[in-house]
Amino acid sequence: MLTDTIAAISTPIGEGAIGIVRMSGSDSFKIIDQLFRAKSEKSTWEDKKFKYGYIFDEDRLIDEVMVVKMHAPNTYTRESIVEINCHGGAVPLREILRLCLKNGARLADRGEFTKRAFLNGRIDLAQAESIMDLIQSKTDRGFDIAIQQLEGNLSKKINHIRHALVQLMARVEVGIDYPEEDIEEITYQEIQNDLQRTSKILDDLLKTSRTGKIVREGLKTVIIGKPNVGKSSLMNALLKDARAIVTDIPGTTRDVIEEFLSINGIPIKLVDTAGIRETEDIVEKMGVEKSKSYFNTADLIIFMLNGSEQLTEEDHVLIDKVKGRPAIILVNKSDLEQNIEIDYIKKQFESHQIIYTSMSKDIGVEAIENAIQYMIDEGGTTSTQSEMVSNARHIALIEKSQLHVNEAIKATINRLPYDFIEVDVKEAIELLGFITGDSVSSDLMNEIFGQFCLGK
Ligand code: GDP
Ligand code: ZN
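And the structure:
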C-alpha cells in the first residue's frame with residue numbers, strides 16, 4: 001500500500017521563478033530516468049546533488065530543469081525522493097507532473113508526503129501537525145512555536161507525562177493481580193500524590209494554550225462604535241494602508257472588514273464592524289449580523305466614542321454591551337471641541353483603559369498598540385515556554401485526559417477499588433497518545449493529513 005510512488009507539485013502554482021515537482025517511493029528514480037536527459041553525458045548521479053538537464057516527453061522538450069535524487073532512508077519520507085526544479089509557471093509544472101504520472105507515479109493525496117514521514121517513523125503526529133502550522137503560520141511568533149513543536153518539544157513533554165502514568169499503572173496493577181503477595185503495595189495516598197502531580201503538569205500546559213492559540217490564530221480584535229466615529233480611520237492607521245473605506249456618510253462600512261497585523265510578533269486579527277445596531281438596509285444588515293457574532297466571540301474589543309459629540313442612545317447601548325468584556329475605550333476626535341460626558345464614561349469603565357485619540361491628527365495610535373500588547377501580556381500570554389500548546393486538537397486532548405486524571409483522583413480519595421482508578425488512568429494515557437500518534441486511528445490520520453496542502 002505504501003510502496004507505490006507518489007508525485008505532486010510542491011510549490012504554489014503561480015508565476016514563481018521556480019517550481020518543484022516531487023516524487024516519493026521506490027519507483028521514483030526509475031521514473032525520473034525515463035524523463036530526464038542530463039546536459040552533460042559525463043555527469044553522474046550523486047546523492048542529494050543537483051543535476052542539470054532537460055525533461056523530455058518522448059522527443060518533445062518540456063523544460064530545462066535541475067533534478068536531485070535522495071536515497072532512502074535519509075529523506076523527508078524515508079523513501080527515495082526525487083525533486084524536479086523547473087520553471088515556475090503552471091504549464092511546465094503540470095506537464096512534468098503529468099509525465100511522472102504517465103510513467104507510473106500516482107498523484108499524492110493532501111499531506112501524503114508528511115503522512116509517509118509519520119508512518120515510516122521519522123516524525124510523530126504533533127511534529128507532522130507543526131509542519132502544517134509552519135506552512136500556515138502568520139507571524140514570526142507563530143513560526144517559532146511551530147518550529148519548537150517540530151523539534152519535538154511538546155512530544156517530549158507529553159511522552160514524559162504518559163510514561164509517568166504508565167509506571168503508576170504498572171504499580172497499581174501489581175496490587176490488583178497479586179493482592180495476597182508480599183509485594184510492597186502502592187497506597188492510595190501515593191496514587192493520589194502521583195495523579196495530582198500529573199494533573200498539575202497538564203494544567204500548566206493548558207495555561208500556555210491561550211497564548212498558543214493567540215499566537216497561532218491571532219488575537220481576535222473587534223473595533224466597534226457608532227457610524228462615523230472613526231473606526232475605519234483607526235483600522236487604516238493600524239494597518240498603515242488604505243484598505244477600509246473612510247467616508248463622511250454614516251454607515252459606509254457596509255461589511256465586516258478583516259485584516260491581520262502583527263504587534264511584536266503577535267498576530268492581531270482586526271475586524272472593523274458595520275456597527276451593532278438595527279437597520280433596514282439588507283446589505284448593511286448582513287454586516288450587522290456578522291458584527292454581532294464577531295463581537296460575541298472577540299478576545300478584545302476596541303470601543304470607539306466620538307469625543308466631540310454628546311453620548312447618543314446608540315452609545316449607551318454599546319456601553320452596556322462592552323462593560324464586563326476585555327476592552328480598550330477610545331475617545332476619538334480629540335482634536336475637536338469636546339462635548340462628551342467624560343466623567344460618565346470614566347465611571348462606566350473604571351477598570352478599563354481609556355485613551356484619547358485623534359485619527360485625523362494621528363494621535364494615540366501608539367498608545368493603542370501598547371494597550372493591545374498589555375492586554376496580551378496579562379495572564380502571562382507572551383511567555384515563550386518551549387512546550388507551548390497551540391493546536392486546538394492537542395488542547396482538546398489534554399483537557400479530556402486531565403478530566404480522566406481528575407476522575408481517578410476522586411476514585412482514590414473515595415478509596416474505590418483499584419480497577420476504578422485504572423479505567424480512568426488508561427483512558428488518559430490513550431488520549432495523550434493521540435497527540436503524538438502513539439495511539440492513532442486511520443480516521444484521525446486522514447483528518448489531520450487531509451488539512452495539508454497538496455504536495456506536502
Ligand atoms: P467609521 O464610520 O466609524 O468607520 O468612521 P470613519 O473612519 O469612516 O470616519 C468618519 C469621518 O470622521 C471621516 O470623515 C474621518 O475623516 C473623520 N474622522 C475620523 N477620525 C477623526 C478625528 O480624530 N478627528 C476628526 N476631526 N475627524 C475624524
Ligand atoms: Zn468605517
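Mapped onto the UniProt record's numbering, the consecutive letters of the sequence shown carry residue numbers 1 to 456.
Glycine residues also receive a C-beta, built at the ideal position from the N, C-alpha and C atoms.
What you are looking at is a predicted structure, and each value in this text was computed from that prediction instead of being measured.
Beta-bridge partners assigned by DSSP to S358: I363. A contact between stretches requires three or more CB pairs, one per stretch, nearer than 8 angstroms, and the segment 300 to 311 meets this requirement with the segment 220 to 234.
Y418 is a Cβ neighbour of V172, given a cutoff of 8 angstroms. If you compare the alpha carbons of E314, E313, N159, A7 with that of S439, the shortest gap goes to N159. The ligand GDP never approaches L270 closely enough for any of its heavy atoms to be under 7 angstroms from the residue's Cβ. According to the DSSP assignment, N236 belongs to the alpha helix (DSSP H) that extends over 231 to 239. Secondary structure note for F56: its beta strand (DSSP E) is the uninterrupted segment 50 to 57. By alpha-carbon distance to Q451, the top candidate from M132, I214, S24 is M132. By the C-beta density criterion, V271 is buried, having at least 16 other C-beta atoms within 10 angstroms.
Beyond the five residues adjoining it in sequence on each side, E407 comes within less than 8 angstroms, by CB distance, of D424 in the same chain, given in chain order.
The alpha-carbon separation between F434 and N153 amounts to approximately 16 angstroms. When the alpha-carbon of D59 is set against those of Q34, K49, T44, the nearest one is in Q34. A Cβ-Cβ distance of about 15 angstroms is found for the pair N391 and E151, leaving them out of contact under the 8 angstroms criterion. Counting along the chain, the unbroken alpha helix (DSSP H) around E314 starts and ends at 313 to 322. Residue state for L125 is assigned as helix, using DSSP reduced to three classes. Each residue's CA atom was taken as its position, placing K220 and F29 some 48 angstroms apart.
Between the ligand GDP and the CB of S232, the shortest heavy atom gap is smaller than 7 angstroms. With fewer than 16 other Cβ atoms inside 10 Å of its own Cβ, L416 counts as exposed. Counting only runs of 3 or more residues that sit fully inside the segment 390 to 433, no beta strand (DSSP E) segment turns up. DSSP, read as helix, strand or coil, puts N103 in coil.
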